[in-house]
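Novice: Here the protein sequences line up with chains C and H, keeping their order. Residue 374 in this note's numbering sits at position 15 of the first sequence; the count goes up by one each step and never skips. Residue 1139 in this note's numbering sits at position 79 of the second sequence; the count goes up by one each step and never skips. Backbone N, C-alpha and C fix where the C-beta goes; we use that ideal spot for every residue, glycine too. This structure is a prediction, so every number in the text was calculated from the model and none was measured.
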Amino acid sequence: MIRILLLLVMVLALIVPFFNRVEPSLFGFPFFYWYQIIIVPVGSLLIYFVYRAEERDAGEEARK
Amino acid sequence: MTYPSASIVFFLLIAIVLVLGFIAGRWKSGEGNIGHIEEWGLGGRRFGTWISWFLIGGDAYTAYTFIAIPALMFGAGALGFFAMPYTVLIYPILYVVFPRLWRVARAKGYITGPEFVRGRYGNRWLALAMGLTGILATMPYIALQLVGMQTVIGALGLPGHGPLIAAFIVLAAFTWTAGLRAPAMISIVKDLLIYLTVIAAIIVIPAELGGFTAIFAKVPAPKLILPPPPPGSSGSYSAYASLALGSAMALFLYPHTMTGILSASGPRVIKRNAVLLPAYSLLLGLLALIGFMALAAGVKTMPQFAAGFARYGASFAVPAVLLNSFPGWFAGVAFGAIAIGALVPAAIMAIASANIFTRDIWTQFFHSPTQRGETLAAKIFAILMIIGALIFIMKIPSTYAVQLQLLGGMWIIQTFPAVVFSVFTRALNGWALLLGWLVGIVSATWLVWQNHFTGAIWPFHILGYTVPCYIALATVVLNGIIAAVLSPLFQMVANDRVRDETAVSDYV
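#1: Which bits of chain C does Thr-1273 (chain H) rub up against, with CB to CB less than 7 Å?
#2: Based on the DSSP output, what are the partners of Ala-1324 (chain H) in its beta bridges?
#3: Buried or exposed: which applies to Ile-1517 (chain H), given that a residue is buried once 16 or more other Cβ atoms fall within 10 Å of its Cβ?
#4: In chain C, which residues lie with their C-beta within 7 Å of the C-beta of Val-1335 (chain H)?
#5: Should Ala-1563 (chain H) be flagged as near chain C, meaning a C-beta pair shorter than 9 Å?
#6: Quick check on DSSP: helix, strand or coil for Thr-1485 (chain H)?
#7: On a CA-only basis, which of H:Ala-1354, H:Trp-1110, H:Ala-1267 and H:Leu-1546 is nearest Trp-1491 (chain H)? Give me that one, please.
#8: Who are the neighbours of Pro-383 (chain C) on chain H, taking C-beta pairs under 8 Å?
#9: Within the same chain, show all residues whose beta-carbon is closer than 6 Å to that of Ala-1084 (chain H), passing over the 5 residues directly before and after it, in chain order.
#10: Thr-1122 (chain H) and Pro-1379 (chain H): beta carbons closer than 9 Å?
#11: Strictly below 7 Å CB to CB, what residues from chain H border Arg-380 (chain C)?
#12: Under 7 Å, CB to CB, which of the residues in the segment 1296-1309 of chain H have a partner in chain C?
#13: Could you tell me which of H:Pro-1429, H:Phe-1070, H:Ala-1120 and H:Tyr-1181 sits nearest to Leu-1493 (chain H), measuring between CA atoms?
#14: Quick one: which residues of the segment 1155-1169 of chain H get their C-beta closer than 9 Å to a C-beta of chain C? List them in chain order.
#15: Hey, how far is the Cα of Arg-1166 (chain H) from the Cα of Ala-1532 (chain H)?
#16: Within its chain, find whatever has a CB closer than 8 Å to the CB of Leu-1154 (chain H); leave out the 5 residues flanking it on each side and keep chain order.
#17: Return the CA-CA distance between Thr-1638 (chain H) and Gly-1306 (chain H), expressed in angstroms with no decimal places.
#18: Compute the distance between the beta-carbons of Ala-1437 (chain H) and Thr-1418 (chain H), then report whether it is under 9 Å.
#19: Is Phe-1476 (chain H) helix, strand or coil by DSSP?
#20: Could you please give me the residues that DSSP links to Leu-385 (chain C) through a beta bridge?
#21: Look at the alpha carbon of Ile-1150 (chain H) and the alpha carbon of Ser-1341 (chain H), and state the distance between them as a whole number of angstroms.
#22: Please name the residues in the segment 360-372 of chain C whose beta-carbon is closer than 8 Å to at least one beta-carbon of chain H, in chain order.
#23: So which residues on chain C does Leu-1347 (chain H) lean against when the C-beta distance must stay under 9 Å?
#24: Counting C-beta neighbours from all protein chains within 10 Å, is the total for Asp-1420 (chain H) 16 or more, i.e. buried, or is it exposed?
#25: Could you spell out the range, first to last residue, of the alpha helix (DSSP H) harbouring Tyr-1567 (chain H)?
#26: For Gly-1108 (chain H), count neighbouring C-beta atoms within 10 Å of its own C-beta (all shown protein chains included) and say buried if the count is 16 or more, exposed if not.
#27: Quick check on the DSSP output: the alpha helix (DSSP H) that includes Ile-1541 (chain H) runs from which residue to which?
#28: Within this structure, are the beta carbons of Gln-1465 (chain H) and Thr-1514 (chain H) separated by less than 9 Å?
#29: Could you check whether the segment 1424-1443 of chain H touches the segment 1451-1458 of chain H, counting it as contact only if at least three pairs of C-beta atoms, one from each stretch, sit closer than 8 Å?
#30: Interface residues of chain C around Ser-1341 (chain H) at Cβ under 8 Å?
#31: Would you say Pro-1519 (chain H) faces chain C, with C-beta separation under 9 Å as the test?
#32: Answer yes or no: does any C-beta atom of chain C fall closer than 9 Å to that of Met-1353 (chain H)?
#33: Identify, in the order they occur along the chain, each residue of the same chain with its Cβ nearer than 7 Å to the Cβ of Thr-1211 (chain H), setting aside the five sequence neighbours on each side.
#34: In terms of alpha-carbon separation, which member of H:Leu-1495, H:Val-1264 and H:Leu-1344 lies closest to Ala-1357 (chain H)?
#35: Could you tell me whether any Cβ in chain C is nearer than 9 Å to the Cβ of Tyr-1151 (chain H)?
#36: Are Val-1207 (chain H) and Tyr-1124 (chain H) close, meaning C-beta to C-beta below 9 Å?
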């Protein structure tokens, strides 16, 4: 179930009408650019949550 | 020599890397027998998290990407930034699909994707189709690596094919002796150089140009974001999203990326890399913005770069801005990084194609050799791939390489249903998958031909609504539907489920 986060990563990357705008800009970067740069580490973090949760489950199963 | 200090640094770096390639033959050589194809062509499946990170990163984010994406930003604007969602989407796919594929490959001794498909369906013709698709899609890809290398050699003001030929003779030599270990070792140096270059560029160039606000202000409004779709059409939005998704689905199906993943030492290494590899995406995003920096710096109108732009087009944007903003020696470092960034994937592409040739064509249809004979066949084919790419690039204009690479992406994605679905289910039928593949290949090629081999997007009309979509994505959906619909029918007539040599326990 935790893998639903992977789906979230894909949604974040594909909602083009949402991020195709100039404002609000950040440090001179239009929204279109900083949003798409930010989703890279956000995506990585979400995949890390999935990995950690699954490793923990696998560890518990092994102890049973 | 127009830029002496840059050229000296450039050649020094190339020389260091070539020496490393030969040392790699001895690296970890105590642990395995290089005469075995799993050792030569897959590094003995022994690469841990960090080596895999460098190897897959150096393999998937090629020199061509580093030249072409900023060039696309420079020429077409915001559209070129699809590289960002593209390289975000590849990691959920990597995480879900490839640990399972790695397990079954390890259990059954597969070293290529098509081999897995053959084992799963007991159908060597289906595997042949997958294998040929892989090799054909890889050929223009290798050629484009050489184009990337040629662009930086040309930017240094070195005429002729001499340096390129020299670099590739040595590439062929260490590919022969060290196999996959050579690019694995070189990729460490290459990636560190690339990170260094991009971080320096992202600090130095904006400072020269008055900050990012000033850079974005100089980008013409139509290039800054995507144009809003006209009424009755999803316009640039569906084009952008489908380009990102289709490219992401295709990436890890290429023989060279598949080889990179299968050479990992375990499923956990792959999962950890789905977390760690996005660092390269970040790098690519920053690099893409160099295309805008080139616009803002106005390198296109500078007389010293006129010849370069006339010869290489928008691809010259990155070399020009680096030469313009950096001292000569550092431009040499940057160019060296790009050139080595071409050698690493080129070597892996040649090795991966050779693995496919040996395991899916040669031993299946012609001759069943000994272990040593198998490795020899692979080595010979790898050298032929390298020579072929070199001849291709010298005899044929590079625009053809770009067009063939476009077509290659359309073809390789057609292996998605057979490879990816089969990792999870055996409900499909091998012959149905082969028919789906055929329809996908033919329809994609036909649509690209209608676009005169230049456009990747096709406007589909659905109930009076226009949906511009990446051709690869639309045709692979068609391919998957055909395979899914025909499979139950085919299974009734000739059920091929008994031919599956893999067991459920091989995947988990």
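Specialist: Quick answer:
#1: Correct list: Gly-387.
#2: Under DSSP, Ala-1324 (chain H) takes part in a beta bridge, and its partners are H:Phe-1107.
#3: Classified as buried, Ile-1517 (chain H) has 16 or more neighbouring CB atoms from the shown chains inside 10 Å of its CB.
#4: Going along chain C in sequence order, the residues near Val-1335 (chain H) (Cβ under 7 Å) are Ser-403, Ile-406, Tyr-407 and Tyr-410.
#5: Taking Cβ atoms only, chain C never reaches closer than 9 Å to Ala-1563 (chain H), which makes this a no.
#6: Reduced to three states, the DSSP call for Thr-1485 (chain H) is coil.
#7: The shortest Cα separation from Trp-1491 (chain H) among H:Ala-1354, H:Trp-1110, H:Ala-1267 and H:Leu-1546 belongs to H:Leu-1546.
#8: Neighbours of Pro-383 (chain C) on chain H: none; closest Cβ ~13 Å, over 8 Å.
#9: Residues of the same chain with a CB within less than 6 Å of the CB of Ala-1084 (chain H), apart from the 5 flanking positions on each side, are Ala-1238, Arg-1241, Ala-1242 and Met-1245 in chain order.
#10: Not closer than 9 Å, so no.
#11: At a C-beta separation below 7 Å, Arg-380 (chain C) has these neighbours in chain H: Ile-1285.
#12: Cβ proximity to chain C below 7 Å picks out Tyr-1297, Tyr-1300, Ala-1301, Ala-1304 and Leu-1305 from the segment 1296-1309 of chain H.
#13: Ranking the options by Cα distance to Leu-1493 (chain H), first place goes to H:Tyr-1181.
#14: Those would be Tyr-1155 and Val-1156, in chain order.
#15: Cα-Cα distance, rounded: 30 Å.
#16: Within its own chain, the residues whose Cβ lies closer than 8 Å to the Cβ of Leu-1154 (chain H), once the five positions on either side in sequence are excluded, are Phe-1312, Ile-1321, Ile-1330, Asn-1333, Ala-1334 and Leu-1337, listed in chain order.
#17: In the structure displayed, chain H extends from 1061 to 1568; residue 1638 (chain H) sits before or after that span and is not available.
#18: Yes. Within cutoff.
#19: In the displayed model, Phe-1476 (chain H) falls within a helix according to three-state DSSP.
#20: Beta-bridge pairing links Leu-385 (chain C) to C:Phe-388.
#21: Taking the Cα positions, Ile-1150 (chain H) is about 10 Å away from Ser-1341 (chain H).
#22: Along the segment 360-372 of chain C, the positions whose C-beta sits under 8 Å from a C-beta of chain H are Arg-362, Leu-365, Leu-366, Val-368, Met-369, Leu-371 and Ala-372, read in chain order.
#23: Those do not exist, as Leu-1347 (chain H) stays about 12 Å from chain C at its closest Cβ, beyond 9 Å.
#24: Buried: at least 16 other Cβ atoms inside 10 Å.
#25: Neither: Tyr-1567 (chain H) is in no alpha helix (DSSP H) and is coded neither H nor E.
#26: By the neighbour-count definition (other C-beta atoms within 10 Å, threshold 16), Gly-1108 (chain H) is an exposed residue.
#27: Where Ile-1541 (chain H) is concerned, the enclosing alpha helix (DSSP H) stretches over 1531-1553.
#28: Not a contact, by the Cβ cut-off of 9 Å.
#29: Cβ pair count under 8 Å is below three, so no.
#30: Correct list: Val-399.
#31: So, not an interface residue.
#32: For Met-1353 (chain H), the answer is no, since every Cβ of chain C falls outside 9 Å of its Cβ.
#33: Closer than 7 Å at Cβ, skipping near neighbours: Ile-1127, Tyr-1372, Ser-1375, Phe-1376 and Pro-1379.
#34: For the set H:Leu-1495, H:Val-1264 and H:Leu-1344, the Cα lying nearest the Cα of Ala-1357 (chain H) is the one of H:Val-1264.
#35: So yes, Tyr-1151 (chain H) belongs to the interface.
#36: Yes, these two residues count as a Cβ contact at 9 Å.
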